[in-house]
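Asker: 1341 is the number of the first residue of the sequence shown in our numbering; add one for each residue after it. Ideal Cβ placement from N, Cα and C applies to all residues, glycine included. Let me give you the structure first, and then I'll get to my questions.
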Amino acid sequence: MRLLIFLTTLLINQSLFAQVSIGVKANNKQYLSYEPIRVTVTISNQTGSPLTLRNTGGNNWVEFVVRNQSGRVINKVKNISYKGTTIPTAERINSSFVLNNSYDLAQPGNYSVYAVVRTPQQGHSEGTRSAATYFTVNRGVPSWRTKVGVPGVAGDEREYRILNYSGSGTPQIYVQVEDIKRGHILATYSLGRILSYRKALKAIDRSNNLHVLFLTTPELYCHTVVNTSGKTTKRNYYKGVGNTHPTLFTHNDGGVSVTNAKFYDPAKEMEEKTKYHKLSEMPEGYEQ
């Protein structure tokens, strides 16, 4: 009787295994050390009924196996239980995960990762496995850095770094913020595309926020403000005025603003363009 129950359960799990298909894909092929490494897991439900995925009995419904270029499995540094989900019948969902929330992937090199998805009926050694996806981690080289204190927190210090990187083929400007006291990288991320023939400008305001102004298209400059926690608090775009180029100006009170520029509002610019009729829209008999 027990054997019959075991075989029945095995057949159900094998059947369910065949009716759930998953895939995993790295959002980028190239990353900088400490940059969030995001992967997207795609799960298709062909079981004929809604599929609920949740953590049960100490088993996570989704787990990842990460290997370095030598094939060694990278151990978790932090265990994260992801929120469960329900997939309607015959539908597919995409879920995004940040691998370095659980794994230390700061070491440069090539990596592979595959995902394992388990239903509530499956144990730790069971589940549906995806094919592997691959990505590379590169060490960035700072082109500029400066240290500042943290307002209101005695003894805390941050280092802002600017890195330029073209791993994806398009030159990007990155910001990195480190907690010097604790030796912890708080943030590493791209501020956007940069046209390198014009040097990015940097300034620190009275609250020790970092201001970065860089050329992102032949006409547009991006002004981004990053605080001591590594969060972007402001991002605006500007165009130059006449033959001048936008620049950062530090006021006597410690404030920082963009000068020699006009604020760019794409919606307003489009509205202005629609005020002028094209020649093809002119009424018959009218000549210019």
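Leaving out five residues before and five after Ile1378 in sequence, what residues of the same chain have Cβ atoms less than 8 Å from its Cβ?
Answerer: The sequence given here has Arg at residue 1378, not Ile. Closer than 8 Å at Cβ, skipping near neighbours: Ala1366, Asn1367, Asn1368, Ser1436, Phe1437, Val1438, Leu1439.
Asker: Can you list, in chain order, the residues of its chain whose CB lies under 6 Å from that of Glu1518, leaving out five sequence neighbours each side?
Answerer: If we look at Glu1518 and ignore the five residues flanking it on each side, its Cβ neighbours are Glu1499, Ile1525.
Asker: Which residue's Cα is closest to the Cα of Thr1380: Val1515, Ala1472, Glu1609?
Answerer: Checked all of Val1515, Ala1472, Glu1609; the closest Cα to Thr1380 is Ala1472.
Asker: My output table needs one value for Lys1418: the three-state DSSP class, helix, strand or coil.
Answerer: Looking at Lys1418 - three-state DSSP - the assignment turns out to be coil, as it is neither helix nor strand.
Asker: Would you report the Cα separation of Lys1579 and Ile1383, rounded to the nearest angstrom?
Answerer: Straight-line Cα distance between these residues: approximately 44 Å.
Asker: In its own chain, which residues sit with a C-beta less than 7 Å from the C-beta of His1464, not counting the 5 before and 5 after it?
Answerer: Closer than 7 Å at the Cβ level, and outside the excluded window around His1464, lie Asn1399.
Asker: Do Ser1536 and Asn1504 have their CB atoms nearer than 8 Å?
Answerer: For Ser1536 and Asn1504, yes; Cβs fall inside 8 Å.
Asker: Would the stretch 1487-1494 count as touching the stretch 1421-1435 if we require 3 or more Cβ pairs under 8 Å?
Answerer: Flag = no, the stretch 1487-1494 and the stretch 1421-1435 do not touch.
Asker: Taking Gly1424 and Leu1393 to be in contact with their CB atoms under 8 Å, please state how far apart those CB atoms are, rounded to whole angstroms.
Answerer: Correct: roughly 5 Å between the Cβ atoms.
Asker: Compute the Euclidean distance between the alpha carbons of Thr1510 and Arg1546, then round it to the nearest angstrom.
Answerer: Whole-angstrom Cα-Cα distance: 33 Å.
Asker: Give, in chain order, every unbroken run of the beta strand (DSSP E) that is at least 3 residues long and sits entirely within the stretch 1375-1427.
Answerer: Counting whole runs of 3 or more residues, the stretch 1375-1427 contains the beta strand (DSSP E) stretches 1378-1385, 1391-1393, 1402-1408, 1425-1427.
Asker: Tell me the residue span of the beta strand (DSSP E) that contains Leu1535.
Answerer: Neither: Leu1535 is in no beta strand (DSSP E) and is coded neither H nor E.
Asker: For the beta strand (DSSP E) containing Glu1497, list its first residue and its last residue.
Answerer: Note, Glu1497: beta strand (DSSP E), 1493-1505.
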